[in-house]
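Enquirer:
Protein chains: 2
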Amino acid sequence: MKRIELDLVFGALSDPTRRGMLERLAEGETNVRTLAEPYDISQPAVSKHLAVLERAGLVARTKHGREHRIRAVPAPLEEARSWIGHYARHWKRQFDAVEAYLEAHDMKTEASAPAPRRDTKKET
Amino acid sequence: MKRIELDLVFGALSDPTRRGMLERLAEGETNVRTLAEPYDISQPAVSKHLAVLERAGLVARTKHGREHRIRAVPAPLEEARSWIGHYARHWKRQFDAVEAYLEAHDMKTEASAPAPRRDTKKET
DNA sequence: GCGTTTCATAACCGACCGGTTATGTATCCG
DNA sequence: CGGATACATAACCGGTCGGTTATGAAACGC
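Now the structure itself:
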C-alpha cells in the first residue's frame, strides 16, 4: 500500500517538467496558467502533469472561481526522502567497505581476479 | 545533464521490484540469481531491471567468472535525496503557512468560498 | 569435450506515458 | 446576453516499459 504510493511519488519525480513545477511551487501557490508558463507544451499536457503530481499526493488544488490554485504538499516527499535515507546508510557502509577493500588490494578498475591469491579468508 | 541523471534515478526508484533489489543490496553484494530469488519473474526480466538500475548509476557490477556480483552505489541516491531535501524545506514552510491560515480561518476541507465575507483584504 | 550454470540479448506483446488537437465546462466581464 | 478566460476531458499517436519466450555466450565441473 505504501509501496504503491512510493511508486507514484518516484514516478512523478522522474519527469523534469514535473520537478520543475515542484521547484516553482516552492515559491508559493500559483494557478495553472502561471505554472505552465515556462514550458513550451500545450495546456492539456500541463493538466496531465498536474494530475500525475496530484495522484502522487505531491500537490493539492483549491478552486478559486475559475482558477485552480496549486500548492505543494511536503508529506509524500518526506516519505520518499526517508526511504532513501534509510537504505542509503547501509549502502554507504557497504560501499565504503568495498572501497576500502579495493583500495587495500590495489584492485580498482574491473576486478575479476581470475587466479585469486588464496590467502583471502573467504568472508561469506 | 544532471537533469537526465535525476530522471533516471527517480525512474529507477519508481518500480517496487527495483526498490526491493536495492533494499536487498543493503545487506551486501550478491550475484544476479540470488538477487532475483524473491521475485516471481523470468530471468531476463531481472536482467532488464538491473540494466535500468545500472543506467541510473545506482548499481555496479563486477564479473567473477560466470557470476556477476552486484553492489549498490550510494552517490546518485544522495543526489536524489539532496534534491528532495533542498525543496522540501521551502515546501514545508509554504505548507505550514497555508495550514496555519486554514486553521485560523476554520476553512479545512475544500475552500472555494463562493460568497466570501468581503472583509478579507484580497491578498493578491 | 560436454552438459550445466549464470547471465545477456533479441523479438515480441499489451499497457502506460508524454505529447498533440479538438471539444466541453465553468466562471468572469462588458 | 455573449464573448473571453481558465481549466478539464476525450481521442489519438509514437515511444518506452515491464513482462514474456527463445536463443546465445561464457565459464564451471565432471
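First to last, the sequence lines map onto chains A and B. In this text, residue positions in the first sequence follow the working numbering: the first is 1, and each later residue adds one. In this text, residue positions in the second sequence follow the working numbering: the first is 1001, and each later residue adds one. We put the beta carbon where it would ideally sit given N, CA and C, even for glycine. All values reported here derive from a predicted model rather than from experimental measurement.
Taking just the CA atoms, how far does Arg69(A) sit from Glu29(A)?
Expert: Taking the straight line joining both Cα atoms gives about 6 Å.
Enquirer: Are the C-beta of Ala1036(B) and some C-beta of chain A separated by less than 7 Å?
Expert: no
Enquirer: Please name the residue, chosen from Ser47(A), Trp83(A), Leu6(A), that lies closest to Met21(A) on a Cα-to-Cα basis.
Expert: Ser47(A)
Enquirer: Taking only beta-carbon atoms, is Gly1057(B) less than 7 Å away from chain A?
Expert: no
Enquirer: For the 8 Å Cβ check, are there 3 or more pairs between the region 33 to 52 of chain A and the region 1041 to 1056 of chain B?
Expert: no
Enquirer: Between the region 25 to 44 of chain A and the region 79 to 87 of chain A, can you find at least three pairs of beta-carbon atoms closer than 8 Å?
Expert: Segments in contact, no.
Enquirer: Since Ile70(A) sits in a beta bridge, which residues does DSSP pair it with?
Expert: Answer by DSSP bridge pairing, in chain order: Thr30(A), Arg61(A).
Enquirer: On the premise that Gly11(A) lies in contact with Ser1014(B), defined as a C-beta separation below 8 Å, what is that separation, rounded to the nearest angstrom?
Expert: 4 Å
Enquirer: Of all Cβ atoms in chain A, is any one closer than 7 Å to the Cβ of His1090(B)?
Expert: yes
Enquirer: With a Cβ-Cβ cutoff of 7 Å, do Ala26(A) and His1064(B) count as a contact?
Expert: no
Enquirer: Report buried or exposed for Ala36(A), applying the criterion of at least 16 other Cβ atoms within 10 angstroms of its Cβ.
Expert: buried
Enquirer: Report back the beta-carbon spacing between Tyr39(A) and Thr17(A) to the nearest angstrom; my notes put them in contact at under 8 Å.
Expert: 6 Å
Enquirer: Mind checking Ile973(B): buried by the 16 CB within 10 Å criterion, or exposed?
Expert: Residue 973(B) is absent from the model: chain B starts at 1001 and stops at 1124.
Enquirer: Could you check whether Pro76(A) and Ala1088(B) sit closer than 7 Å to each other, using their CB atoms as the reference points?
Expert: no
Enquirer: Closest Cβ-Cβ distance between Arg1066(B) and chain A: below 7 Å?
Expert: no
Enquirer: Reducing DSSP to helix, strand and coil, say where Ser1014(B) ends up.
Expert: coil
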